[in-house]
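Numbering (full-length UniProt numbering), first residue to last: 1 to 307. A short worksheet on the structure shown next.
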């Protein structure tokens with residue numbers, strides 16, 4: 001289905017009728033590239049900070065027992081304290097550097113997968129934004145009052161065709177969004193559930209590190225992980241909110257047209273378009289989670305109550 005989405009993008013570019021519509025879709029395509037650059041820079045910075053934190057932790061925690069054994073030796077060597085608690089079926093001291101390399105490789109792979117999937121979804125989302133914006137442009141500028149008042153024998157069919165192009169573009173935008181949701185519904189439903197559980201655990205660890213244990217290492221680790229969770233959730237809900245706003249904007253523009261001056265056949269099309277856009281259209285994940293800023297605010301309120 002992902003391949004089908006790329007095919008639909010090519011087909012949508014072919015139905016563009018005016019130069020202004022071409023500029024609209026190009027603008028949103030350019031925005032997706034800018035967003036991807038921002039995400040890459042953010043992930044690169046986050047990855048760099050995480051690796052630096054690991055390196056500092058290695059120097060301060062892992063090699064501190066060795067330094068103390070030289071400065072203040074004891075009868076037995078001091079044990080090395082691991083930063084990330086994990087079970088390895090090998091000797092800790094013998095394969096110490098291999099384990100550190102394993103942790104760094106996992107971080108790089110995880111961030112690469114996150115960037116690849118996020119950038120692909122951003123491209124699809126920005127394309128859907130462009131299609132909704134094209135619908136708004138067609139309903140706002142193609143159906144002008146000057147056209148409605150001109151006594152022309154072909155005016156009836158011309159108005160009907162223009163409204164039909166709006167309905168077709170809106171249907172294609174909604175179909176594209178529905179296919180995109182169905183393509184990523186199951187994996188993102190799992191990611192959302194796991195992410196909420198992980199966010200709760202990290203929030204508990206963050207509060208515990210600040211109030212109870214006052215451990216700087218745990219505080220730093222839980223701070224970065226909690227911030228990453230919240231940023232990812234905000235971006236996902238912001239994208240869903242943009243789809244809702246574009247659909248509501250199209251409904252308002254349809255309502256503000258001079259539909260009472262149109263022929264009956266065109267009025268029926270406008271009524272059909274208003275019925276479709278009057279229903280709130282949003283991204284749903286697993287029929288449980290709705291992507292909008294209100295959902296993110298709910299998570300934020302629960303977080304503040306726990307803290």
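For every residue, glycine included, the Cβ atom is placed at its ideal position computed from N, Cα and C.
Exposed unless 16 or more other CB atoms sit within 10 angstroms - verdict on residue 127: buried
Enclosing alpha helix (DSSP H) for residue 257 [first to last residue]: Here residue 257 belongs to no alpha helix (DSSP H), and DSSP marks it neither H nor E.
Best match in 108, 224, 167 and 285 for proximity to residue 326 [C-alpha to C-alpha]: Residue 326 is absent from the structure shown; the chain starts at 1 and stops at 307.
Per-residue burial, residue 324 [other beta carbons within 10 Å of its own, 16 or more giving buried]: With the chain running from 1 to 307 in the structure shown, residue 324 is simply not present.
Backbone secondary structure at residue 290 - three-state DSSP: strand
Residue 170 burial status per 10 Å Cβ neighbour count (16 or more: buried): buried
For residue 168, three-class secondary structure by DSSP: helix
Opposing strand residues paired with residue 285 [DSSP bridges]: 289
Beta-carbon proximity list for residue 293, same chain, < 6 Å, skipping 5 on both sides: 237 and 241
Distance CB(residue 290)-CB(residue 298) smaller than 7 Å: no
Cβ contact check for the segment 181 to 201 and the segment 11 to 19: 3 or more pairs under 8 Å: no
N-terminal and C-terminal residue of the alpha helix (DSSP H) that residue 210 is part of: No alpha helix (DSSP H) contains residue 210, which DSSP labels as neither H nor E.
Where residue 17 sits in the DSSP three-state scheme: coil
Best match in 267, 263 and 208 for proximity to residue 254 [C-alpha to C-alpha]: 267
Inter-stretch contact at 8 Å, needing at least 3 Cβ pairs: the segment 198 to 211 / the segment 13 to 31: no
Residue 270, enclosing alpha helix (DSSP H) - first and last residue: 264 to 278
CB contact flag (residue 277, residue 296, <7 Å): no
Residue 241 (DSSP reduced to helix, strand or coil): helix
Member of 211, 191 and 129 whose CA lies at the smallest distance from the CA of residue 229: 191
Top-ranked residue by Cα proximity to residue 263, from 175, 193 and 157: 157
Under 7 Å between C-beta atoms of residue 222 and residue 234: no
Residue 215 and residue 209 closer than 7 Å at C-beta: yes
Reduced DSSP secondary structure (H/G/I, E/B, other) of residue 95: coil
Given residue 174 as reference, the closest of 279, 140, 102 and 107 once Cα atoms are compared: 279
7 Å Cβ cutoff met for residue 261 and residue 163: no
Beta-carbon spacing of residue 32, residue 122 below 7 Å: yes
Beta-carbon contacts of residue 134 that lie in its chain and below 6 Å, excluding the five residues immediately before and after: 21, 24 and 169
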